[in-house]
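Here the structure comes first, spelled out in structure tokens, and everything after it is commentary.
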Amino acid sequence: MGDVHVHDVLIIGGGATGATLARALSRFDLDVVLLEATAEVAFGVSKANSGIVHSAMHASPDTLKGRLEYPGNLGWRRLHEELGFGLNPVGEVLVALDEQQLAKIETIRQQGIRKGVPGTEPWTAQRTLDAQPNLSREVRGAVWAPTACVFNPYEAVMLVADAARRNGVRIEVEQPVIAIDPPDPQTPDGPLVLHTPTHTWRGRFVVNAAGLFADDMAELAGVRDFTILPRKGEEYLLDKRMAGVVTSIIFPCPSPISKGTLVNPTVDGTIMVGPTAQTVDDKHDTTTSEAGAAQVFTNARKLVPVISERDVIAEFAGLRPVSDTEDFIIGPTDRPGFINAAGIQSPGLTGAPAIADMLVDILADAGLALTEKADWDPTAPHPVKFAQLSTEEQRELAERDPRYSQLVCRCEIVTEAEIRDACERGAHTLDGLKFRTRAGMGRCQGGFCTWPCMRLLAEHLDVPVAEVTKRGRGTWLVREREDQPVATASTGG
Ligand SMILES: Cc1cc2nc3c(=O)[nH]c(=O)nc-3n(C[C@H](O)[C@H](O)[C@H](O)COP(=O)(O)OP(=O)(O)OC[C@H]3O[C@@H](n4cnc5c(N)ncnc54)[C@H](O)[C@@H]3O)c2cc1C
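Residue numbers for the sequence shown follow the numbering used here, so the first one is 30 and each next one is one higher.
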């Protein structure tokens, strides 16, 4: 399909970088489209990471990633207030196991102070063990940083994208950019022309926020001057039985290439252990390994000896989109209108709101007129989390809206009203519903709720149930039998 309309900004990629940019631009009177390759926003590396808004002490202020870390931390706190995703300011305990590490962690604390990070404290071994009694008796001391938080990165990114949509940004999923036309010598200042399998998109400006594939997008635009080297990180989630084994994010003294193996509470009350840091060739290789698990648990036990592989309930790997410069690459390129937001490795999630603000300034410098909308709404109704309400609150809600009395997911206590709300906020797939509401994440792993979720989604999308997918094209869950009429959507079941 052709589209001769020229949009002000096309954003390639709906991860933390693209979504926070979309939301930042939604404040202005602009025509913005976000093009995401997969069926949902936040399904790139922004889904598979440690879920930490870093304290901001770690990355050097001599790097861009270091400079954007603390403003990003503040940005997420603001977004949490405005949009209501779960975020828990649990703080960080950066642990030293010997005298040399004690000196190193104090250097990191001083670096944090230079970056404006408030509230850090050097802790003695006793103070550290009083706060975190399950830490190893080998602890020599620690640095406490209260600014660190845990959150659900996918929930946050999905709500940020939804906030952008509510303020007029078009979010287009299953639109992988596969070609970019070369500049037209007749109209060198003309729009950039992007192709997806089904559409042609024209934009005055294009922001390349394609994560692992940002170098491929730069190549398509004819301005590739960097390479993305995927760096895999394996993560392990422990049973809720281990909840409370640590109550803050436990960091080891870091190595030059990685922050090391962390043990942290998640916003959902489980414990996460990881990640590894291994450069791989394949941008799709998200396998976990025996060697990775062995490394993670050996390291984790040095900090928290009771941590065990036996408690693992889920594992995954994510790929950091590391550039060959080892820093973020954010800025204009030799192709007029084509702007990179590439190499967004850790702490890229933390930095995202600040990356977005920087990109807005870059776009303004390049000539994008920024007129604030009179009706821009920075807030959005906070999603209801029925399971987290008191019985009294649950009863009141169910009396007001009977869809809150219809349980869809029994394990995680998710109601029909929450599923419908997630559909309204942009869920297109079963996994999109799952990551927005937790339906299907519990003990029965969707045994009970898959079918009602599919029916509600089909009804919302106005398609036969057989067209509902797990995570986009090619991942259908049921096939219609030729001898049966098309399945139609209705709730319940
Ligand atoms: C194991 C691990 C742990 C981490 N932990 C943390 C942490 O705790 N805190 C932190 O701050 N950072 C952490 N990070 C880093 C953080 O996850 C990333 O920096 C951040 O998520 C990058 O976001 P992004 O939007 O740039 O990339 P992505 O989330 O990957 O988004 C890019 C998007 O572009 C889309 N795309 C790609 N190609 C195309 C195309 N051709 N057309 C259209 N769309 C396209 C992709 O589908 C994807 O959705 C971690 C990373 C890993 C791997």
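C-beta: ideal position from N, C-alpha, C; glycine also.
Between which two residues does the beta strand (DSSP E) containing residue i stretch?
i	result
residue 182	That residue, residue 182, is in no beta strand (DSSP E); its alpha helix (DSSP H) goes 182-195.
residue 581	A question about residue 581 goes unanswered here, because the residues of the chain that appear run from 30 up to 522.
residue 42	Neither: residue 42 is in no beta strand (DSSP E) and is coded neither H nor E.
residue 412	Element bounds for residue 412: n/a, residue is neither H nor E.
residue 347	341-352
residue 174	170-174
residue 301	300-303
residue 260	257-267
residue 119	That residue, residue 119, is in no beta strand (DSSP E); it is neither H nor E in DSSP.
residue 438	436-438
residue 360	358-361
Near residue i, which residues of its chain fall below 8 Å by C-beta distance, leaving aside the five closest residues on each side in sequence?
i	result
residue 311	259
residue 451	412, 461, 462, 465 and 466
residue 179	80, 81, 82, 116, 117, 119, 278, 293, 294, 295 and 296
residue 166	158
residue 473	439 and 440
residue 135	151 and 172
How is residue i classed by DSSP in three states: helix, strand or coil?
i	result
residue 163	coil
residue 146	coil
residue 90	coil
residue 325	helix
residue 333	coil
residue 489	helix
residue 428	helix
residue 31	Reliability of the predicted coordinates at residue 31 is poor, the pLDDT of 48 falling under 50, and the value obtained from them is presented with this limitation in mind. Coil at residue 31, not helix or strand.
residue 208	strand
residue 4	Here the chain covers residues 30 to 522 and nothing more, so residue 4 does not appear.
residue 216	coil
residue 158	helix
residue 49	helix
residue 521	For residue 521, the pLDDT reaches just 38, beneath the cut-off of 50, and the residue's location in the model is therefore unreliable, leaving the point undetermined.
residue 308	strand
residue 80	coil
residue 66	coil
residue 508	coil
residue 201	strand
residue 152	strand
residue 482	helix
Could you check where the alpha helix (DSSP H) with residue i kicks off and where it finishes?
i	result
residue 94	93-112
residue 247	243-249
residue 464	459-466
residue 296	Premise fails: residue 296 is in no alpha helix (DSSP H) and is neither H nor E.
residue 382	377-394
residue 338	Looking at the DSSP string, residue 338 is not in any alpha helix (DSSP H), and its letter there is neither H nor E.
residue 453	445-453
Nearest CA to the CA of residue i: which residue from the options?
i	options	result
residue 381	108, 196 and 56	108
residue 507	484, 209, 491 and 490	484
residue 44	132, 224 and 385	385
residue 407	104, 100, 360 and 288	104
residue 251	213, 132 and 471	213
residue 553	434, 323 and 457	Any question about residue 553 goes unanswered here, given that the chain covers just 30 to 522.
residue 232	81, 469 and 368	368
residue 396	403, 388 and 256	388
residue 315	65, 261, 285 and 96	261
residue 268	320, 240, 330 and 336	336
residue 199	106, 242 and 47	47
residue 137	502, 366, 95 and 248	95
residue 354	373, 168 and 77	373
residue 141	169, 102 and 170	102
Residues in its own chain within less than 6 Å of residue i by CB, not counting five upstream and five downstream?
i	result
residue 192	52, 112 and 409
residue 328	290
residue 454	191
residue 399	57 and 393
residue 308	258 and 260
residue 218	none
Tell me which same chain residues have a C-beta within less than 7 Å of the C-beta of residue i, skipping the five on either side of it?
i	result
residue 121	84, 174, 177, 277, 278 and 280
residue 448	437, 462, 466, 468, 482 and 485
residue 324	305
residue 207	224, 225 and 226
residue 471	438, 440 and 441
Between residue i and chain B, is there a C-beta pair that is closer than 8 Å?
i	result
residue 221	Absent from the structure is chain B; it holds one protein chain and no more.
Are the stretch 436-445 and the stretch 473-483 touching, with three or more C-beta to C-beta distances below 8 Å? yes
Take every Cβ of the stretch 59-66, pair it with every Cβ of the stretch 35-50, and state whether three or more of those distances are shorter than 8 Å. yes
Pairing CB atoms from the stretch 186-194 with CB atoms from the stretch 68-76, are three or more of them under 8 Å? yes
Three or more C-beta pairs below 8 Å linking the stretch 106-119 and the stretch 342-362: no
Any contact between the stretch 388-406 and the stretch 44-56? By contact I mean 3 or more CB pairs, one from each, below 8 Å. yes
Within 8 Å, do at least three Cβ pairs link the stretch 424-432 to the stretch 138-158? no
With three or more C-beta pairs closer than 8 Å as the rule, is the stretch 87-107 touching the stretch 217-237? no
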